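Read the structure below first, then the notes.
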Amino acid sequence: MIITTIITHIIRTITIVRRVKYWMRVVLKNRGIFDQRITAMRKFIFSTVFLFSVLLTGCVIQPVNPSGTGASQPLIEQGEQGSDVTLGGLVLKPLDPLYIRFSGILEQQQLEVTIDENGEINLLHLEPIMAAGLSPSQLAAKIERLYIEGGIYKTVSVNVTMTAKVFYVQGEVNQPGQFPLSSGTTLLQAIAGARGYTPFAWESRVTITRHGKVYRFNMKDLEKNPSLDVKIEAGDVIKVPQKPW
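Spelled out as structure tokens, the structure:
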């Protein structure tokens with residue numbers, strides 16, 4: 073969204089500048105100051121495009137591995153309106169088992185439920201809630217909102233996790249899908265379990281989505297130094313993107 077907005081501003085700026093140049097030619101034709109105005113306008117165009125280019129670069133490029141540990145800081149933190157789904161995050165579906173933990177209320181503190189075939193879950197004091205199609209963090213935010221806006225609780229904090237110990241590998245691997253999580257499974261082992269990369273894999277931009285946060289890894293660094301490898305947790309979604317070229 074930010075990139076699209078910036079590009080739109082650049083196009084609008086160039087269009088306005090072209091119109092101004094046209095009318096300057098009409099009004100100032102045969103005047104000595106025409107060339108000076110055109111020169112000034114060219115400087116303005118260059119400065120504007122350069123400024124937007126800097127802003128665009130700042131929005132697109134994220135520092136990878138600033139601490140030298142092989143993993144970056146969280147790149148994106150998702151809320152209920154976040155983009156876990158579009159980022160390759162975990163999406164809940166019918167029959168998924170969930171563990172829901174409540175904080176700030178005494179009536180219920182923890183609960184294990186299973187999403188029914190209609191994609192819904194049932195909670196105390198609430199109508200059936202559509203859970204399928206949401207990420208765990210989105211569902212947690214939805215439950216909080218329903219309890220508070222419905223006047224049932226003044227304050228409540230909800231955390232939703234998958235109870236099944238599985239993780240997911242998506243994108244440019246030879247066998248994408250859901251995999252059972254064994255104790256001590258690492259990122260390198262997870263990629264190997266998915267039969268390795270396809271020829272189109274962008275190995276330096278592999279991400280893990282965990283609890284609504286996205287972490288990026290350069291797999292070549294991990295392969296050179298296995299001590300930098302990270303352990304996989306239940307519900308992790310590993311995404312191997314396609315090369316842009």
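Quick note, the sequence shown lines up with residues 73 to 317 if you use the numbering used here.
We put the beta carbon where it would ideally sit given N, CA and C, even for glycine.
Only a predicted model underlies this, so the values are computations on that prediction, with no experimental measurement involved.
According to DSSP, is Gln242 helix, strand or coil? strand
For Thr279, the residue or residues it bridges with in DSSP: Arg288, Lys311
When every heavy atom of the ligand FMN is checked, does at least one fall within less than 7 Å of the C-beta of Pro166? Questions concerning the ligand FMN fall outside what the structure shown contains, since it holds no ligand whatsoever.
Whole angstroms are fine: how far does the CA of Leu253 sit from the CA of Lys237? 5 Å
CA-CA distance, Ile193 and Ile224? 18 Å
Given that a residue counts as buried once 16 or more other Cβ atoms are within 10 Å of its Cβ, and exposed if not, what is Leu259? buried
Where do the ends of the beta strand (DSSP E) carrying Gln182 lie? 182 to 186
What would DSSP say about Glu199, mapped onto helix, strand or coil? coil
Taking DSSP as the reference, what is the three-state secondary structure of Ser144? At Ser144 the pLDDT is 40, less than 50, meaning the model places this residue with poor confidence and gives no usable figure here.
Under 7 Å Cβ to Cβ from Val232, same chain only, skipping five residues before and after it: list those, please. Leu170, Ile172, Pro208, Leu211, Ala212
Rounded straight-line distance, which links the Cα of Tyr240 to that of Arg282: 11 Å
Got a sec? Which residues, its chain only, sit under 6 Å from Leu183 by beta carbon, not counting five neighbours each side? Ile172
Going by beta carbon distance, what residues of the same chain come within less than 7 Å of Thr270, once the five residues before and after it are set aside? Glu244, Val245, Asn246
Just the C-alpha distance for Leu164 and Pro200, rounded to the nearest angstrom, thanks. 15 Å
Kindly indicate which three-state DSSP category Ser229 falls into: helix, strand or coil? strand
Once the 5 residues before and after Glu295 are set aside, which same chain residues still bring their CB inside 8 Å of it? Leu260
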